[in-house]
Amino acid sequence: MDSVRQATERGVSGQVVVPRLLIGGFVLPAELVQVMESGRWKPPDMQVLREVFDDDPDDPRFYDLPSMARQDELLRAQSPEVYRDLVGPECDIDPSRCLVVGDLGVDMSIALHYGADGGDPRVIYLTVDGWREVAPNVRVLVERLRL
């Protein structure tokens, strides 16, 4: 799990404020870490997945930390051209700013897209038409998935 690191943020006086998990240089949102630690980061029933992703899942998987790190390494090893044609009409993405956190089946990735502003990553999903946003952040995704 070389790609997964734990870091801490320090407050103004230097005390530790928030422990953070990083994969490939990206900080995992606290909501995702909480859901994973509680054991709730697993696919809900198929009907809920269909409602959220507007697609039919085929062997859905929500990744654990080592799997996220492995997927991140695989994504970084791909040529950017592989993803250039996968940008959907409603979702302008930069693959170098994505972290894959699960999938609904082969070529059906679920990823966090970290914007240049450093804010909360949005949740995107790879469809046959390209990437599209399914939630503005992890908190909304968790609520929609009823985790």
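For the sequence shown, position 83 (counting from the first letter as 1) is numbered 82 according to numbering that gives the first Met the number 0, and the numbering increases by one without interruption. Note that the Cβ used here is the ideal one computed from N, Cα and C, for glycine as well.
In whole angstroms, what separates the C-alpha of residue i from that of residue j?
{"i": "V127", "j": "V100", "result": "18 Å"}
{"i": "A6", "j": "G104", "result": "Below a pLDDT of 50, predicted positions are generally treated as unreliable, and A6, at 47, falls in that range; the measurement from the model is reported next regardless. Taking the straight line joining both Cα atoms gives about 32 Å."}
{"i": "D54", "j": "L144", "result": "14 Å"}
{"i": "R166", "j": "D57", "result": "Shown here, the chain extends from 0 to 146; a query on residue 166 therefore has no answer."}
{"i": "L140", "j": "F25", "result": "18 Å"}
{"i": "P28", "j": "L21", "result": "9 Å"}
{"i": "C97", "j": "S66", "result": "15 Å"}
{"i": "V32", "j": "P135", "result": "17 Å"}
{"i": "L146", "j": "V34", "result": "7 Å"}
{"i": "E30", "j": "E142", "result": "10 Å"}
{"i": "H112", "j": "E36", "result": "22 Å"}
{"i": "Q46", "j": "R131", "result": "19 Å"}
{"i": "M107", "j": "V51", "result": "13 Å"}
{"i": "P94", "j": "L125", "result": "12 Å"}
{"i": "S121", "j": "G129", "result": "Strictly speaking, residue 121 in this sequence is Arg, with Ser absent from that position. Straight-line Cα distance between these residues: approximately 16 Å."}
Tell me, to the nearest whole angstrom, how far the beta carbon of residue i is from that of residue j; I am working on the premise that it is less than 8 Å.
{"i": "R75", "j": "G23", "result": "7 Å"}
{"i": "D102", "j": "I92", "result": "Wrong, their Cβ atoms sit about 16 Å apart, outside the cutoff."}
{"i": "I123", "j": "V133", "result": "7 Å"}
What does residue i pair with, by DSSP beta-bridge criteria?
{"i": "F25", "result": "I22"}
{"i": "D102", "result": "R60, S108"}
Measuring CB atoms only, is the segment 59 to 66 touching the segment 41 to 50, in the sense that at least three cross pairs come out at less than 8 Å?
yes
Which whole runs of the beta strand (DSSP E) in the segment 111 to 140 are 3 residues long or more, in chain order?
121 to 126, 129 to 134
contact_flag[the segment 115 to 126, the segment 63 to 76] where n(CB pairs < 8 Å) is 3 or more:
No, the segment 115 to 126 does not touch the segment 63 to 76.
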